[in-house]
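*Asks:*
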Amino acid sequence: MIANCANASRKGSITEEIYSSCVDSGHTVKTGFKETKKAGLTAVATAELSHEGEYEIVQEDKLISAFEILGERGKGKKSVIVLDNVETIFGSSQLMGELSDIIILLDDSRYAQHNVKFLIVGVPNEVINYFSSAKNTSSVGNRIEEVPRVTGLDYPQVRELVERGFGKYLKINLTDTQTRRLSRHVFDITLGVPQRIHEYCECLAYKVEDNSWKYNPELLEEADIAWLLKGLRECYTVINGHLNSDETSDGRRNQVIYAIGKVATHQIDTNKIGELIAKEFPESSPESKSGIGQVLGHLSKGSNPVLKKISNSNAYSLADPRFLMCIRIMLFIDEDTGKVRKKAFRLN
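Going left to right, the sequence shown walks through residues 160 to 507 as the working numbering numbers them.
1. Ends of the alpha helix (DSSP H) at D383?
2. Tell me which residue opens and which closes the beta strand (DSSP E) that A423 is part of.
3. Going along the chain, which residues of its own chain have a beta-carbon closer than 8 Å to the beta-carbon of Y365, five neighbours each way excluded?
4. Measuring straight from C-alpha to C-alpha, what distance separates V275 and V454?
5. Are V397 and V465 close, meaning C-beta to C-beta below 8 Å?
6. So C394 and C485 are supposed to be a Cβ contact under 8 Å. How far apart are they, rounded?
7. For F491, count neighbouring C-beta atoms within 10 Å of its own C-beta (all shown protein chains included) and say buried if the count is 16 or more, exposed if not.
8. Where K448 and T429 are concerned, what is the direct C-alpha to C-alpha distance, given to the nearest angstrom?
9. Quick check on N370: buried or exposed, where buried means 16 or more other Cβ atoms within 10 Å of its Cβ?
10. Assuming contact is defined by CB atoms lying nearer than 8 Å, are I419 and G433 in contact in what I supplied?
11. Quick one: Cα of L229 to Cα of T174, how far?
12. Which term fits Y178, buried or exposed, when burial requires 16 or more other beta carbons within 10 angstroms of its beta carbon?
13. Just the Cα atoms here: how many angstroms apart are S528 and D347?
14. Looking only at C-alpha atoms, which of G233, F249, K221, T336 sits nearest to C164?
15. If we ignore side chains and look at the alpha-carbon of each, how far apart do A167 and L222 end up?
16. Spatial neighbours of V499 within its chain, please: C-beta separation below 7 Å, excluding the five flanking residues on both sides.
17. Looking only at its own chain, which residues have a Cβ that is under 6 Å from the Cβ of D495, when we skip the five neighbours before and after it?
18. Have a look at the DSSP bridge pairing and note the partners of A162.
19. For a quick check, are the C-beta atoms of L320 and I279 less than 8 Å apart?
20. Just to confirm my understanding: we take S444, look at its own chain, exclude 5 residues before and 5 after, and list those with CB closer than 7 Å. What are they?
21. From the DSSP output, in three-state form, read off V153 for me.
22. Does the beta-carbon distance from C362 to K327 come in below 8 Å?
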């Protein structure tokens with residue numbers, strides 16, 4: 160069963176979300192009853208005809224109730240509750256504390272007898288670090304086994320998907336050169352993330368359909384816009400807010416952001432960005448890299464940072480890989496001026 164932590168955040172309780180995901184819609188629970196005692200002959204003489212008493216039924220723990228339901232459905236076999244979108248509760252000490260308690264209770268015989276396990280799913284890896292501010296950190300850590308982050312597809316896999324999807328299933332005629340360039344474009348801007356690959360290819364497929372099922376490279380520009388509007392609006396707005404105006408002499412901040420889009424590794428530092436700027440902008444690369452460090456520091460601050468500082472180092476990582484996807488779509492080098500320009504998309 161899947162319990163959505165976004166709902167838990169809305170309800171203010173993980174237990175309530177787990178219970179509601181396990182209990183069928185429309186299920187009723189008896190919470191009490193009334194008992195009416197008929198009066199005897201003596202009571203009739205005194206006008207006491209009947210007496211009604213109300214009784215409350217002590218309710219079983221909803222977590223145990225959910226486990227019992229899963230146990231019945233699974234006929235005693237192992238059941239798994241998937242806690243999805245767990246990153247939505249990282250900021251709540253109350254909900255993280257509740258999750259910690261639930262994890263610890265899995266070893267309690269009253270809960271363990273139902274053979275239920277949890278699969279915690281979130282965007283960031285190293286989920287265990289988010290329990291550091293919760294109570295009983297060591298107890299929780301001993302009960303969680305963290306699996307590695309799901310890796311993206313490599314270029315050959317992306318090409319295979321493009322060939323199968325566009326060629327085999329949609330019957331779109333692509334030359335070998337078109338297939339190679341399309342696959343490279345899809346791989347570069349999606350970073351090989353499977354979900355993003357499917358989203359982009361879907362946008363492109365609709366553009367090809369609108370063009371009477373005939374592919375041409377110009378459709379990539381339209382697909383870029385459609386894909387950006389579909390899932391990268393916020394990222395575009397954030398990146399746009401950090402760019403220099405076109406009137407600046409060298410647009411150093413623009414160069415740094417453009418260079419970030421060229422980085423192929425997880426870590427970003429001043430030296431690496433300096434090398435990329437020297438390569439991409441040989442006529443205006445800075446002699447000192449201090450300005451680059453200032454720009455990187457600026458991009459890691461504010462309410463919507465593009466970068467996050469890696470502790471105990473001078474390096475940074477992207478706050479969200481979608482920023483990298485967005486940079487690769489929206490920024491380009493003007494061939495006439497050699498400056499970084501952005502593709503202006505209307506977001507409304």
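Where a beta carbon is used, it is the ideal one built from N, C-alpha and C, also for glycine.
*Replies:* In terms of the structure at hand:
1. 378-390
2. Here A423 belongs to no beta strand (DSSP E), and DSSP marks it neither H nor E.
3. A385
4. 49 Å
5. yes
6. 4 Å
7. exposed
8. 7 Å
9. exposed
10. no
11. 14 Å
12. buried
13. As shown, the chain starts at 160 and ends at 507. That puts residue 528 outside it, with no answer to give.
14. F249
15. 14 Å
16. G410, N413, Q414, Y417, L490, I492
17. none
18. L242
19. no
20. I436, A437
21. Nothing about residue 153 can be read from this structure; the chain reaches only from 160 to 507.
22. no
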